[in-house]
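Trainee:
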Amino acid sequence: MSEAVLTDTGMPFANLMGVEILERSRDRVRGRLRVRPELCTAGGILHGGAYMAFADALGAIGGFLNLPPGARTTTLESKTNFLGAAREGEEVFGEATPLHLGRRSSVWQTRITAPEGRLLALVVQTQMTVEA
256 MSEAVLTDTG
266 MPFANLMGVE
276 ILERSRDRVR
286 GRLRVRPELC
296 TAGGILHGGA
306 YMAFADALGA
316 IGGFLNLPPG
326 ARTTTLESKT
336 NFLGAAREGE
346 EVFGEATPLH
356 LGRRSSVWQT
366 RITAPEGRLL
376 ALVVQTQMTV
386 EA
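Residues 256 to 387, numbered by this note's numbering, are exactly what the sequence shown covers, in order.
(1) When the Cβ atoms of the segment 313-322 are set against those of the segment 369-382, are three or more pairs found closer than 8 angstroms?
(2) Quick check on the burial criterion: 16 or more other C-beta atoms within 10 angstroms. Buried or exposed for Phe412?
(3) Does the Cβ of Ala308 have 16 or more other Cβ atoms within 10 Å, making it buried, or fewer, making it exposed?
(4) Determine, using beta carbons only, whether Leu375 and Val347 come nearer to each other than 8 angstroms.
(5) Is it buried or exposed for Glu279, if we count other Cβ within 10 angstroms and need 16 for buried?
(6) Assess contact between the segment 298-308 and the segment 329-343, defined as three or more Cβ pairs (one per stretch) separated by less than 8 angstroms. Is contact present?
(7) What ranges does the beta strand (DSSP E) occupy inside the segment 297-340, keeping only unbroken runs of at least 3 residues that lie completely in it?
(8) Hey, quick one: how far does the alpha helix (DSSP H) through Pro370 stretch, first residue to last?
(9) Please check the pair Glu275 and Arg283, which I expect to be a contact at CB under 8 angstroms, by giving their CB distance rounded to whole angstroms.
(10) Just the C-alpha distance for Met272 and Thr352, rounded to the nearest angstrom, thanks.
(11) By the 10 Å Cβ neighbour count, where 16 or more other Cβ atoms means buried, how is Val290 classified, buried or exposed?
(12) Which residue comes first and which comes last in the alpha helix (DSSP H) that contains Leu271?
(13) Looking at the structure shown, is Glu275 part of a helix, part of a strand, or coil, going by DSSP?
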């Protein structure tokens, strides 16, 4: 289901980073992140950890939306390929889609792109389902 921009993700660290959720459903989560100085390396380039944390937030939301009642999710594994740079002042966009939705885990692929669609990072993460 598409919604208005969601600035409170329900995750304190993602909120601190400034992650905005543009769309969330069981099969796709889209978000936006403005590249602020606090998220950059000394050269004014988005830090690799910021790419990873952005993708982790999107995948975690997707994992959460697919949980059975009473369960929670946590990141079990994550792998990132850094393919391009984003500079301070720019925006990056992320789209997380499931590669696997199982009873005990889900695997999410997140593409992080520049506004014109250039691929900046590709992240694959595994979300573990933790039963209540």
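Note that the Cβ used here is the ideal one computed from N, Cα and C, for glycine as well.
Predicted model only: the values in this text are computed from it and were never measured.
Mentor: In terms of the structure at hand:
(1) yes
(2) No answer is possible for residue 412: the residues shown for the chain start at 256 and end at 387.
(3) Here residue 308 corresponds to residue number 53 of the sequence shown, with the count starting at 1. Under this definition Ala308 is a buried residue.
(4) Against the sequence shown, residue 375 aligns to sequence position 120. Against the sequence shown, residue 347 aligns to sequence position 92. Cβ distance < 8 angstroms, so Leu375 and Val347 count as in contact.
(5) For this step, residue 279 is matched to residue 24 along the sequence shown. Per the sequence presented here, residue 279 reads as Arg, with Glu not at that position. By the neighbour-count rule (16 or more Cβ atoms within 10 Å), Arg279 is buried.
(6) yes
(7) 327-337
(8) In the sequence shown, residue 370 corresponds to position 115, counting from 1. Per DSSP, Pro370 belongs to no alpha helix (DSSP H) and is neither H nor E.
(9) Here residue 275 refers to the residue found at position 20 when the sequence shown is read from its first residue. Here residue 283 refers to the residue found at position 28 when the sequence shown is read from its first residue. Actually they do not touch by this definition, with Cβ atoms about 15 angstroms apart.
(10) Here residue 272 refers to the residue found at position 17 of the sequence shown. Here residue 352 refers to the residue found at position 97 of the sequence shown. Distance between the alpha carbons of Met272 and Thr352 is about 21 angstroms.
(11) Against the sequence shown, residue 290 aligns to sequence position 35. With 16 or more other Cβ atoms within 10 Å, it is buried.
(12) For the purposes of this step, residue 271 is taken as residue 16 along the sequence shown, with counting starting at 1. Pro267 to Met272 is the extent of the alpha helix (DSSP H) around Leu271.
(13) Indexing the sequence shown from 1 puts residue 275 at position 20. Correct three-state label for Glu275: strand.
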